[in-house]
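See structure below.
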Amino acid sequence: QGDVEAIYESRKSLANFFLNLYNHERAIFYLQEALEMARLQSSIRKLMVEATHNLGKAYMCCGRLEDALITFEQARKAAREDRNLEADRTTTLSLSDCYLRIALKLEGEGKYNEALGHYIECMRILNESCAGENLGDVQYRMGCTYQSTGNLTAAMKYLEDFLASSQQTGDNQGEAMAHAALAECLERQGDSHKALEHLDKFLKLTETSSGQLAEHARACCKIGQAHSKMGKLGAAVEFFEKHYNLVTSLA
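Residue 83 in full-length UniProt numbering sits at position 83 of the sequence shown, and the numbers go up by one each step.
Set out below in structure tokens:
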């Protein structure tokens, strides 16, 4: 037992050494060897979970997302079989991050239904193992993806959930993002007045943060467009001028 554990630790150390050198393939080689050692030492189950999880993280580092997904699923399954709550949470958070990255890639390719499948699975495991931790990012992305498919009712449901969670945690940036996205949905539904209410909140949330000047400029532009559609040309010009001045200051 002692020899196997010693070999496991040495392979893990070598893997970390090569990870620090950004030599991911070499690191993966040693992590695979470490996993084999962990399998030989089946009496210490936590080594199996740790080794599998470490291998998944290495796959993530070099962009092998599908390999990472499979590996994180194996690590989470082992953690749950062992009823190891800490490892269950850790592996679930890694798995959910992997789902998010793959879904974002699918979104970029216009494969919205596939992306939604990953987001739904991500939400399921976070609710199952992490008491809904980190759900906000998933809610926002699901809202945006449904918006891209034209399903505005579903989009607004998830965006409203994201807005509520952002308000609850005091996440002003998230709250601003939610208001902006909800305004866009309402605008597409033809409800310019309701959209303007969300845009006003978007504006107020971004004007107080120096790090969100670009978003504040975007809010001014969108409010200008909303006023223009409603025939309020004076207000539209005012906000377009604010947008121009902010963009100029950022250049």
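Built from N, CA and C at the ideal position, the CB exists for glycine as well.
query                                                                                                                                                                                  : result
Please state the DSSP three-state secondary structure of ILE70.                                                                                                                        : helix
Helix, strand or coil, according to DSSP, for MET230 in the structure here?                                                                                                            : coil
Using 10 angstroms around the beta-carbon of PHE17, count the other beta-carbons present and answer buried if the total reaches 16, otherwise exposed.                                 : exposed
What separation, rounded to the nearest whole angstrom, lies between the Cα atoms of LEU93 and LEU126?                                                                                 : 7 Å
Do ALA219 and LEU199 have their C-beta atoms within less than 8 Å of each other?                                                                                                       : yes
Is it the case that the Cβ atoms of LEU100 and ASP161 are separated by a distance below 8 Å?                                                                                           : no
Where do the ends of the alpha helix (DSSP H) carrying ASP171 lie?                                                                                                                     : Counting along the chain, ASP171 falls outside any alpha helix (DSSP H), and DSSP gives it neither H nor E.
Please work out which residues of its chain come closer than 8 Å, Cβ to Cβ, to ILE28, disregarding the five sequence neighbours upstream and downstream, and give them in chain order. : ALA15, LEU55, ALA58, TYR59, CYS62
Nearest to SER10 by alpha carbon, out of HIS193, ALA155, ALA38?                                                                                                                        : ALA38
What span of residues does the alpha helix (DSSP H) with LYS46 cover, start to end?                                                                                                    : 45-61
With burial defined as no fewer than 16 other Cβ atoms inside 10 Å of the residue's Cβ, what is the status of GLY170: buried or exposed?                                               : exposed
Give the straight-line distance between the Cα atoms of GLU114 and LEU152, rounded to the nearest whole angstrom.                                                                      : 18 Å
With 16 as the cutoff for other CB atoms within 10 Å, does ARG141 come out buried or exposed?                                                                                          : buried
Determine whether the beta carbon atoms of LEU159 and ALA181 lie at a separation below 8 Å.                                                                                            : yes
Which residues mark the beginning and the end of the alpha helix (DSSP H) in which LEU116 is found?                                                                                    : 112-129
Could you tell me the alpha carbon to alpha carbon distance between THR91 and ALA154, rounded to whole angstroms?                                                                      : 29 Å
For GLU109, which three-state DSSP category applies?                                                                                                                                   : coil
Taking ILE102 and LEU135 to be in contact with their CB atoms under 8 Å, please state how far apart those CB atoms are, rounded to whole angstroms.                                    : Incorrect: roughly 18 Å between the Cβ atoms, too far for contact.
Let me know if GLY22 comes out buried or exposed under the rule of 16 or more other beta-carbons within 10 Å of its beta-carbon.                                                       : Sequence inspection shows Tyr at residue 22; the Gly mentioned does not correspond to that position. Classification for TYR22: exposed.
Alpha carbon to alpha carbon, how far is HIS179 from THR206? Give it in angstroms, no decimals.                                                                                        : 11 Å
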